[in-house]
Every structure is written in C-alpha cells, then in structure tokens.
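Numbering (the working numbering), first residue to last: 1 to 530.
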C-alpha cells in the first residue's frame, strides 16, 4: 500500500503544480499592460483617457484620440520572490521520526525573470523583462469613429530558480504569458457626452513549467524507516517476499523532473466599454472584458530519478511486486514523453469607475473591479496515450484520474477590488500622478502554495505626463507591488499538509512557510501624430 500510494502521489503531483501557477493571473492583472498613466494612477483609469491602451482599459476612450496617432511603449521590470521553510519544534513526527530534510530552515530567493518565446517554446531566462510595444489609432477629420489596434501583454509573469534552490519543488521555471498581437478596435462618439467602444483581441497564450518533485508524508516515512531497518542487512531473506532496497524512497527523496510546454496561438476575446462625460468635472466609465475558452496543446517530458527506477525494479523482483505488477510502475523508464492538452478559461473581467475634478489642477479617479477566477474550479489534463504512472492513479483516485487524464479541483474565488488615483496638473504641460490599489488574492487560504507565492498584495503607482509639443506626449509610470503570506504547517493541502491522505501535493509537508514578493515595473510611452 505504501508504494502504491507513493506512486499515486507522484503521478498527480506535478500536474497540481502546473495549475496552481494559473493563480498568478490575479497578480498579473493589469500589471504588465505597461500604460504609464494607468500604472501611476493605481490602474484607476476606466473613466479616464489611457491613450492607445484604451483598447484594453475602455475602448470608448479611443474617441479621445484625434487624427492619426501612433504610440511606442517600452516596459521593463523585475520581481524579487522569496520563501522561508521553517521546521516547527516537533518536525519529523509526521515522518515517523525522520527529520533529515535538506529543505528545512532554508530560504528560497529568485530575481531571475523568464519568458516564453512564441514559435520556439519553453521558458527562457532573461536578466530583466524588457519589451517594446506599439499601437496606432486613426480618427478621420470630422468623423465620430476612431479606429485602432494595439500590441500589449495582459499576462506576462515568469521566473526561474536555481537547481539547488529549496523552492524548486514548486516551480524551477514557471511562465504564464498572454500576448495580444492584434486588436482591431472601434470607438464611437454618440454625442458630446457619451462614447462607446468595442475591441477584439487576438492573443497567444502560453504555459510553461519545469519542476522537481518529491512526496514527503507518513507513507513515504514508513518506507524510509523500513529501508533503514531492512536494507542494511546483507542478504536480507525478506527480499524474496518484499524488496524495498532497489533505491531510496524516503520522504525527502527526489522522484523526478517534469518539463511541460503548452500554448494556443489564436485566442480571441472582446472588450466593450462606455464613457459618459456630462460635465468638465465628472466622468463615468465601465468596461467588460470577455472570457476566452482555450484548448492549450503541447509537449511533456518526465524524467525519473535513479532512486525511483531502482525502487520499482527492486519491488517487481519480489513476490509482492509480482502480485501487484499490473498497477505499479515497472521502473524501466528513465523518461516518458508525449503530447498533452488542457482546456483553460481566461477569466472575464469587469470594471467601472469615476473621474472627478474638484479643482482645475486636481483630479481624482476611483475604480471598482471584478474578475471571475471562479471559472478555475477544476482543470483536466489530457495525454495522448496511456501512461504507466496513471494506472495507480485511476485505481486509488477514480474521481481524479483515468488512464489518459487527470482531473484536479482548484476552487479559486472570484474577487472584487478597488483602486484610487490622483493627478495634479503643475501647468499646461506637466502632470504629476500617484495611486494605490489593494489586490486581494484569488487563492483561498487552504490552497496557498509557493508556486503562486502571492497573498493579498498592495500596489503603489507613481508617474508623470509631459506634453512635449502640441502633437507629442511623453508618459512615465512606475509600479511597486508587495505581498506577504504565511502558511503555517498543515494549513494548505497544496503545500504542507501531513495527514495520511494528503500525499497530493505537499512537497513541504509539516513546514511553516512564509512567502514575500516584490515587483518593480517601469514603463514609458511616446505618443505622437503621423
């Protein structure tokens, strides 16, 4: 039983990690669009002009762009991701006294960014995220219509950890990326007070993960204790009945490494917006951004450690191994690879906001937002063939696995949030801006982990706008995001539960975990006529 459930744990573990990473989307919400004005105002921009990025924030605001205009954007940034793994006083009791965990009382840190290169695939390390983006708009003279298209990144999060980093069991390389490469848009000015707009976004969606994994728990602790007792005896007579000595399979054994790469080249969405400006001192706006249902496809490669292979070969050489041969791995595969696919929903988003000018030089923006992360209630991973490792999963977890698929419940939550921004016009050319946005996590406390190391976050914005001449505007924006979360031992069964039925997936079982994330984003736009 110990060996079979251990295999079940490892069968599902890496899949669970992949989908936990999708929760990083809340962290990425509007963070990588790179509009300096929106950034500086804490993303309270729905009732305000956001230039060419109105394609995303509120297409109705495209009517503010007169004539023919082009915008060139430069965005750069970095993230500092840290995690501490502390052993409580009684650490080891959950593993039958084994406590030689190389991860305990260590810290993880990475500032290395990673991105996905469409057409090439996989996570690519980069010293710092940097991207030039651009868009154009055309408003024919005297027309109420404004046409536009823009290139932007609704999601662009990725990081890479060192090979010996203790956080590698929940993400050695992780990328969640969505690039909108074509966005035909239309803004229509109904009258002097009311505008509406619609944009269609054609995007590339990618998910990439490279992951080490292990399965600490009571059952692997039992296996480790049994190995300590039996495997030191030369010529152990019990090996004919039960051979556990082919390879190490304790609670802290590295089982293998997963590399997975999935993408969809064409993922359409639509944004509809309204902007009402009845007076010079008040405006109201609203936007609905549709969901996108995707069918990601790609490749996977699973490499098994020598301990994994040796353990199962040794077990199969014994009588018990022969009896259960049909539902246990053979240990003959150093690597398994093939095609993999997954249905994924890019969640819908709604925002509404107001713009107030209580004084000719002062402006206050306030937004209220909602994102439908409840769409991530479960994920289904489909393989193109029957996998040996899934033979056990479907026997012991028929609700979560078949011979060719794994079904995972995630139970993420839809979230409401708010944002506020203030602008001060120093003169007709220079505007100073600052903003604040609390960002509640979409991940319930009992689903928290290290792969998506984000609890409730706070985002601070700062920036300025400068009119160079009558046709040219330069905007600069800076965002600082900070988040902390604490996951005491046993709180989240995505990372550190210890019960006998919590083998999937708790690579830091019984450890107290704290994560800290800091992100720094800088963007500059140059907007002019052509």
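Where a beta carbon is used, it is the ideal one built from N, C-alpha and C, also for glycine.
Give a yes or no on whether the C-beta atoms belonging to residue i and residue j are separated by under 8 Å.
| i | j | result |
| --- | --- | --- |
| residue 213 | residue 182 | no |
| residue 450 | residue 495 | yes |
| residue 131 | residue 175 | no |
| residue 477 | residue 79 | no |
| residue 458 | residue 440 | no |
| residue 85 | residue 251 | no |
| residue 76 | residue 522 | yes |
| residue 492 | residue 448 | yes |
| residue 261 | residue 121 | yes |
| residue 367 | residue 351 | yes |
| residue 161 | residue 110 | yes |
| residue 269 | residue 169 | no |
| residue 144 | residue 475 | no |
| residue 528 | residue 472 | yes |
| residue 98 | residue 224 | yes |
State the CB to CB distance for the pair residue i and residue j, rounded to an integer number of angstroms; the pair is presumed to be in contact (CB under 8 Å).
| i | j | result |
| --- | --- | --- |
| residue 44 | residue 274 | Actually they do not touch by this definition, with Cβ atoms about 17 Å apart. |
| residue 46 | residue 353 | 4 Å |
| residue 82 | residue 515 | 7 Å |
| residue 412 | residue 361 | Residue 412 to residue 361, Cβ: 43 Å. No contact. |
| residue 380 | residue 343 | 6 Å |
| residue 216 | residue 506 | 7 Å |
| residue 355 | residue 48 | 5 Å |
| residue 436 | residue 42 | 5 Å |
| residue 416 | residue 369 | 7 Å |
| residue 297 | residue 349 | Not quite, the Cβ-Cβ distance comes to about 25 Å (not below 8 Å), so this is no contact. |
| residue 519 | residue 481 | 4 Å |
| residue 218 | residue 500 | 5 Å |
What residue from the options has the CA that sits closest to residue i's CA?
| i | options | result |
| --- | --- | --- |
| residue 69 | 80, 52, 76 and 78 | 52 |
| residue 465 | 481, 428 and 443 | 428 |
| residue 244 | 260, 216 and 319 | 319 |
| residue 187 | 210, 358 and 149 | 149 |
| residue 134 | 185, 162 and 151 | 151 |
| residue 511 | 153, 118, 470 and 103 | 103 |
| residue 199 | 210, 184 and 416 | 184 |
| residue 292 | 315, 373 and 285 | 373 |
| residue 534 | 406, 74 and 239 | For the chain, the structure presents residues 1 to 530; residue 534 sits outside this window and is missing. |
| residue 211 | 167, 358, 297 and 371 | 167 |
| residue 55 | 528, 154, 517 and 208 | 154 |
| residue 434 | 446, 363, 462 and 92 | 462 |
| residue 364 | 313, 237, 324 and 420 | 420 |
| residue 432 | 137, 467, 305 and 513 | 467 |
| residue 479 | 460, 58 and 230 | 460 |
| residue 190 | 146, 470, 426 and 208 | 146 |
| residue 406 | 341, 487, 312 and 141 | 341 |
| residue 271 | 498, 331, 401 and 58 | 58 |
| residue 240 | 323, 32 and 332 | 323 |
Excluding the five sequence neighbours on either side, which residues of its own chain have a C-beta within less than 6 Å of the C-beta of residue i, listed in chain order?
| i | result |
| --- | --- |
| residue 278 | 193 |
| residue 303 | 256, 257 and 335 |
| residue 234 | none |
| residue 24 | Residue placement at residue 24 cannot be trusted, given a pLDDT of 49 that sits under 50; what the coordinates show is reported in the next sentence. So the list reads 157, 176 and 452, once near-sequence residues are dropped. |
| residue 66 | 139 |
| residue 226 | 244 |
| residue 418 | 368 |
| residue 196 | 60, 188 and 274 |
| residue 173 | 114, 123, 160 and 210 |
| residue 35 | 50 and 53 |
| residue 294 | 205, 264, 267 and 344 |
| residue 284 | 47, 276 and 354 |
| residue 530 | 68 and 70 |
| residue 72 | 134 and 526 |
I'd like the list of long-range same chain contacts for residue i, defined as Cβ closer than 8 Å, with 5 residues on each side in sequence excluded.
| i | result |
| --- | --- |
| residue 115 | 123, 124, 126, 129, 156, 158, 175 and 177 |
| residue 118 | 179, 204, 206, 263 and 265 |
| residue 307 | 247, 248, 249, 253, 254 and 255 |
| residue 456 | 438, 439, 440, 441, 483 and 485 |
| residue 444 | 411, 412 and 413 |
| residue 105 | 85, 86 and 87 |
| residue 163 | 172 |
Between which residues of its own chain and residue i is the CB-CB distance below 7 Å, once the five residues before and five after are set aside?
| i | result |
| --- | --- |
| residue 338 | 300, 383, 384 and 385 |
| residue 20 | Annotation note: pLDDT 42 at residue 20 (below 50); position unreliable, no value reported. |
| residue 230 | 236, 238, 244 and 245 |
**Study point:** Contained beta strand (DSSP E) runs [length at least 3] in the stretch 390-470, N- to C-terminal order
**Key:** Taking only runs of at least 3 residues, the beta strand (DSSP E) segments lying wholly in the stretch 390-470 are 405-409, 415-425, 430-439 and 457-469.
Practice item. Quick one: which unbroken beta strand (DSSP E) runs of 3-plus residues sit fully inside the stretch 165-235? Chain order, please. Key: You should have 173-182, 185-189 and 194-213.
Exercise for review: Pick out the complete beta strand (DSSP E) segments inside the stretch 101-154, 3 residues or longer, and give them in chain order.
Suggested key: Whole beta strand (DSSP E) segments, 3+ residues: 106-110, 112-116, 123-126, 129-139 and 145-150.
Point to revise | In chain order, each beta strand (DSSP E) run of at least 3 residues that lies wholly inside the stretch 279-336 | key: You should have 282-289 and 292-304.
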